[in-house]
Amino acid sequence: MNHQQKPQEGNLTNLKEFVLLGFSDVPDLQWVLFGLLIAMYCFILLGNGTIVLITNVDSALQTPMYFFLGNFSFLEICYVSITLPRMVFNLGTQRRTISFIACATQMCCILILGATECFLLAVMAYDRYVAICNPLHYPLVMNQKVCSQLVIGSWISGIPIQIGQTSHIFSLSFCGSNQINHFFCDIPPILHLACGDIFINEMMVFLGAFLFVLFPFLLIVFSYSKIIFTVLKLSSTKSRAKAFSTCSSHLAVVILFFGSGMITYFRSNSSHSGETDKVLSLFYTVVTPMFNPMVYSLRNKDVTIALRKFLCKQFVKI
Numbered sequence: 001m002n003h004q005q006k007p008q009e010g011n012l013t014n015l016k017e018f019v020l021l022g023f024s025d026v027p028d029l030q031w032v033l034f035g036l037l038i039a040m041y042c043f044i045l046l047g048n049g050t051i052v053l054i055t056n057v058d059s060a061l062q063t064p065m066y067f068f069l070g071n072f073s074f075l076e077i078c079y080v081s082i083t084l085p086r087m088v089f090n091l092g093t094q095r096r097t098i099s100f101i102a103c104a105t106q107m108c109c110i111l112i113l114g115a116t117e118c119f120l121l122a123v124m125a126y127d128r129y130v131a132i133c134n135p136l137h138y139p140l141v142m143n144q145k146v147c148s149q150l151v152i153g154s155w156i157s158g159i160p161i162q163i164g165q166t167s168h169i170f171s172l173s174f175c176g177s178n179q180i181n182h183f184f185c186d187i188p189p190i191l192h193l194a195c196g197d198i199f200i201n202e203m204m205v206f207l208g209a210f211l212f213v214l215f216p217f218l219l220i221v222f223s224y225s226k227i228i229f230t231v232l233k234l235s236s237t238k239s240r241a242k243a244f245s246t247c248s249s250h251l252a253v254v255i256l257f258f259g260s261g262m263i264t265y266f267r268s269n270s271s272h273s274g275e276t277d278k279v280l281s282l283f284y285t286v287v288t289p290m291f292n293p294m295v296y297s298l299r300n301k302d303v304t305i306a307l308r309k310f311l312c313k314q315f316v317k318i
């Protein structure tokens, strides 16, 4: 990390609001983006909401794997609702301002939910590891109490540290422009506006990224290395295919979410590009929540069957 102290400029501003530039650099596409984002948000709500619903009402899906999936889908709804409605509002009204408090709140929520998602993905990988590598002990190890504790731990693990990190960032002095070259209040573009020495803040970002991104990712890598080693020892080709099939959907989400997240947060502040950050952020804030219901419903027979049963019951009632 190449640390550079940002110079103190003459006018230190007691900011009351920021301006989210978003995609203002493509004015001809504003209404196209407006319609596209509304469609994507509706799809995310419908897709993930359906998974939450059927994993709770279908008795065949009352297993740890689908308990985690239901929580993950609910998390995706919360996560995307922090950023997408604001993006749609800004595009529709062309009012791009966001108050200082609202910006800090948005960042804090994104960091907490992002940490939750990282740990929940690690928990889901651990669940697959136990199911495949220790199938006889699976009901004992992944009992209802343990599953609940793992989910609760995932939801609350990042709260104190991420609140502290957000408070520390927004206690900095800001000078010059109040324009954030992003579509939400993320750490890199906010630090770009800060004055003075931001070395401690950069170190906190790296530490937070290690604890809440790299550490869960390493747990996932460890789980999948054990899974692959175990699956390759299976004599039946059908058994190997079935084992890999149960993991492929989760692995696709992991690669998409962690890949874009690590590139964003493991770079130094000086190497960040506004346009690159916006593209990468779209992957872990919008594309992953939209991708989740597709890979888990279209590629998962249990979810597909449960969805058909649920829809049939609704049509019979009508």
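Straight run, no breaks: the sequence shown in UniProt numbering ends on number 318. In this text, a Cβ means the ideal position worked out from N, Cα and C, and glycines have one as well. Just so we're clear, the structure is a prediction, and the values are computed from it rather than from any experiment.
*With a CB to CB cut of under 8 angstroms and the five nearest residues on each side skipped, what residues in its chain are close to Glu9?*
Counting from one through the sequence shown, the residue named residue 9 turns up at place 9. The pLDDT assigned to Glu9 is 48, lower than 50, so where the model puts this residue is not dependable; a value taken from the coordinates is nonetheless given after this. Correct list, in chain order: Cys175, Gly176, Cys195.
*Could you pull out every residue in the same chain whose Cβ sits closer than 8 angstroms to the Cβ of Phe89, ignoring the five residues on either side in sequence?*
Stepping through the sequence shown from its first residue, residue 89 is reached at position 89. Excluding sequence positions up to five before and after Phe89, its CB lies within less than 8 angstroms of the CB of Arg95, all in the same chain and listed in chain order.
*By Cβ distance below 7 angstroms, which residues in the same chain neighbour Ile278 in space, the five residues on each side in sequence not counted?*
Along the sequence shown, read from residue 1 onward, the residue named residue 278 stands at position 278. Rather than Ile, the amino acid found at residue 278 in this sequence is Lys. Close CB contacts of Lys278 within its chain, under the 7 angstroms cut and outside five residues either way in sequence, are with His182, Phe183 (chain order).
_My assumption, with CB atoms under 8 angstroms, is that Gln165 sits in contact with Gly208. Please give the rounded CB distance._
Position 165 of the sequence shown holds residue 165. Position 208 of the sequence shown holds residue 208. 6 angstroms between Cβ atoms; contact.
*Member of Met204, Ser171, Thr288 whose CA lies at the smallest distance from the CA of Leu121*: The count along the sequence shown starts at 1 and reaches residue 121 at position 121. Considering only alpha carbons, the answer is Thr288.
*So the alpha helix (DSSP H) Ile38 belongs to, where does it begin and stop?*
Taking the sequence shown and counting its residues from 1, one reaches residue 38 at position 38. Counting along the chain, the alpha helix (DSSP H) containing Ile38 begins and ends at 30-57.
_Segments assigned alpha helix (DSSP H), at least 4 residues, entirely inside the segment 172-258_ = Listed in chain order, they are 187-193, 199-209, 215-232.
*Quick one: what does DSSP say Ser24 is sitting in, helix, strand or coil?*
Working through the sequence shown from its first residue, we reach residue 24 at position 24. Here Ser24 sits in coil by DSSP.
*How do the segment 155-169 and the segment 123-135 stand: do at least 3 beta-carbon pairs fall below 8 angstroms, yes or no?*
With the cut-off at 8 angstroms, the segment 155-169 and the segment 123-135 do not touch.
_Do Cys185 and Gln106 count as a contact pair if the criterion is CB distance below 8 angstroms?_
Residue numbering aside, residue 106 sits at position 106 when the sequence shown is read from its first letter. Residue numbering aside, residue 185 sits at position 185 when the sequence shown is read from its first letter. The Cβ-Cβ distance between Gln106 and Cys185 falls below 8 angstroms.
*How big is the Cα-Cα spacing for Val253 and Gly259?*
Taking the first residue of the sequence shown as 1, we reach residue 253 at position 253. Taking the first residue of the sequence shown as 1, we reach residue 259 at position 259. C-alpha separation (whole angstroms): 10 angstroms.
*asked:* Just to confirm the assignment, what range does the beta strand (DSSP E) spanning Ser99 have?
replied: Locating residue 99 in the sequence shown gives position 99, where the first residue counts as 1. Unbroken beta strand (DSSP E) run through Ser99: 97-99.
_First through last residue of the alpha helix (DSSP H) which encompasses Thr166_ = In the sequence shown, residue 166 corresponds to position 166, counting from 1. It spans 159-169 - the alpha helix (DSSP H) in which Thr166 sits, taken as one unbroken run.
*asked:* Going by beta-carbon coordinates alone, are Val19 and Ile44 separated by less than 8 angstroms?
replied: On the sequence shown, residue 19 is found 19 positions in, with the first residue counted as 1. On the sequence shown, residue 44 is found 44 positions in, with the first residue counted as 1. Their beta carbons are not under 8 angstroms apart, which means Val19 does not touch Ile44 by this criterion.
_Is it buried or exposed, Cys42, if we count other Cβ atoms within 10 angstroms and call 16 or more buried?_
Position 42 of the sequence shown, counting from 1, holds the residue named residue 42. Classification of Cys42: exposed, given that the 10 Å Cβ count is below 16.
_Within 10 Å of its beta-carbon, does Asp127 have 16 or more other beta-carbons around it, so buried, or fewer, so exposed?_
In the sequence shown, counting from the first residue as 1, residue 127 sits at position 127. Asp127 is buried by the Cβ-count criterion.
*Near Asn48, what residues of its chain come up, given a Cβ to Cβ distance below 6 angstroms and the 5 sequence neighbours on each side ignored?*
Here residue 48 refers to the residue found at position 48 when the sequence shown is read from its first residue. Excluding sequence positions up to five before and after Asn48, its CB lies within less than 6 angstroms of the CB of Ser73, Glu76, Ile77, Pro293, all in the same chain and listed in chain order.
*So, helix, strand or coil for Phe266, using DSSP?*
As a position in the sequence shown, residue 266 is number 266, starting the count at 1. When DSSP states are grouped into helix, strand and coil, Phe266 belongs to the coil group.
*asked:* Could you check whether Phe67 and residue 342 sit closer than 8 angstroms to each other, using their CB atoms as the reference points?
replied: What is shown of the chain runs 1 to 318, which leaves residue 342 out entirely.
_Of the residues Ile255, Asn71, Ser225, the one placed nearest Ile152, counting alpha carbons only_ = Position 152 of the sequence shown, counted from the first residue, corresponds to residue 152. It is Asn71.
*Measuring alpha carbon to alpha carbon, tell me which of Ser248, Cys247, Ser249, Thr276 ends up nearest Gly261.*
By 1-based counting over the sequence shown, the position of residue 261 is 261. The shortest C-alpha separation from Gly261 is found at Thr276.
_Supposed close pair Asp58, Phe310 - CB separation, criterion 8 angstroms_ = Taking the first residue of the sequence shown as position 1, residue 58 is located at position 58. Taking the first residue of the sequence shown as position 1, residue 310 is located at position 310. Rounded, the Cβ-Cβ distance is 7 angstroms, consistent with contact.
*I think Ala104 touches Ile220, with their Cβ atoms under 8 angstroms apart; what is that distance to the nearest whole Å?*
Within the sequence shown, the letter at position 104 stands for residue 104. Within the sequence shown, the letter at position 220 stands for residue 220. Ala104 to Ile220, Cβ: 30 angstroms. No contact.
*Taking the alpha carbon of residue 349 as the point to measure from, which residue in Phe315, Thr304, Gln314 has its own alpha carbon closest?*
Since the first residue shown for the chain is 1 and the last is 318, residue 349 is missing from the structure and cannot be characterised.
*asked:* For Ser157, count the other beta carbons within 10 Å of its own beta carbon; 16 or more makes it buried, fewer makes it exposed. Which is it?
replied: Translated into the one-based positions of the sequence shown, residue 157 becomes position 157. Of the residues assessed, Ser157 falls on the buried side of the cut-off, its CB having 16 or more other CB atoms within 10 angstroms.
*asked:* My output table needs one value for Leu12: the three-state DSSP class, helix, strand or coil.
replied: Here residue 12 refers to the residue found at position 12 when the sequence shown is read from its first residue. In this prediction, Leu12 has a pLDDT of 45, which is less than 50 and means its spatial position is unreliable; what the coordinates show is noted afterwards. Judged by DSSP in its simplified three-state form, Leu12 adopts strand.
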